[in-house]
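K.L.:
What the sequence shown shows, in this note's numbering, is residues 853 to 1077, in sequence order. Every residue, glycine too, gets a C-beta built ideally from N, C-alpha and C. On a predicted model such as this, the values are computed, not experimentally measured, just so you know. My questions will all concern the structure given below.
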Amino acid sequence: MNTKNIPFYIISCFFALILIGCEKDEAPSSYLDYQTIAALELPFNDDWFVVWGGRTKAENYHASLSDQRFAIDVVQIENGSTFIGDGKQNEDYYCYRDTIYAPGSGQVVEMVNSVNENVPGKTNKNQLFGNYVIIDHGNDEFSVLAHFVKNSITVEVGDLLDKGQSIGLAGNSGNSTEPHLHYHIQNKPSISRGDGLPAQFINYYANDFFVSVGEPLRNQTIRKK
Ligand SMILES: [Zn+2]
C-alpha cells in the first residue's frame, strides 16, 4: 500500500502521544487475558484501516491510558490517502459521515451529541471524546464509540439497541485531528472511568483473511464481510 499521505494522521497522533506523555509505558492491566463476553461485530461496513490498535504502546498510543488500554482508531483509505483534495475540510475525508453501528446489543448509558467538530489538524483537548456513545452490553462491558459528527447520534440514553443498529456518523469532534472512529471497551459506564478491556470481535476480515475471533491490529485493513 502506498502510505505517503497517511503520515499526516500518524504524525498528528505522535503529537498527541507527546502531549499525553511519551515517557509512559503501557498502563498496567489485570485484563490482559480477558476474553470479551459480548458477541461484538465491527461497528461499520466497508474497509477501515487500523491506525492504532494492539497491545503495545508502539502499536497503540492509547495503551498508556487505563481506560483506553486496548482501544483502536480507524480511518478509511483510498489510493494510500485518508482524503481527497487538500484535506483541509472534514468533507474531504473518506470516512466522514460514514454510518457507525452498535457493535453489540445493549443499552445506551451515556451520550454526548453537541460538541462542535474540529478543522482537520486541530484538536479539542477540553472534550476528549467529542460526541460519543457508551453502550452497556451487560457483564460490566461498556463500548465507547467516539468523535461523531455533531448532532448525528440518533440514539438516546436508555435506548435498547440491537447489534448492527445505526447510531451515528463518523466525524471529527474531540481529541481528533481528522475524521476517524475511536472504539474501546471499559468496565465502567462513565467516560474516562474504569479499566479498558480487550475488545475481541467475531467474524471479520483482516487483510482479507477471515478472523473468527480477534483483536484488530495496527496497519490492518478490516471489514465485516
Ligand atoms: Zn482513539
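1. Helix, strand or coil: which one does DSSP assign to H999?
2. Under DSSP, the beta strand (DSSP E) around A1058 begins and ends at which residues?
3. Along the chain, where does the beta strand (DSSP E) that runs through Q959 open and close?
4. Roughly how many whole angstroms lie between the Cα atoms of G873 and I924?
5. Do L1033 and A1022 count as a contact pair if the criterion is CB distance below 8 Å?
6. Tell me, to the nearest whole angstrom, how far the beta carbon of Y1035 is from that of L997; I am working on the premise that it is less than 8 Å.
7. Quick check: is any heavy atom of ligand 1 less than 7 Å from the C-beta of A923?
8. Rounded to a whole number of angstroms, what is the C-alpha to C-alpha distance between D885 and L1049?
9. CB of H989 to nearest heavy atom of ligand 1: below 7 Å?
10. May I have the straight-line CA-CA distance separating G1046 from S918, to the nearest angstrom?
11. Cα-Cα, which of Y883, R1070, E993, N978 is closest to N968?
P.N.:
Here's the rundown:
1. strand
2. 1053–1058
3. 958–964
4. Unreliable positioning characterises G873 in this predicted model, as indicated by a pLDDT of 42, which lies under 50. The coordinate reading is nonetheless provided below. Distance between the alpha carbons of G873 and I924: 18 Å.
5. yes
6. 6 Å
7. yes
8. 9 Å
9. no
10. 7 Å
11. N978
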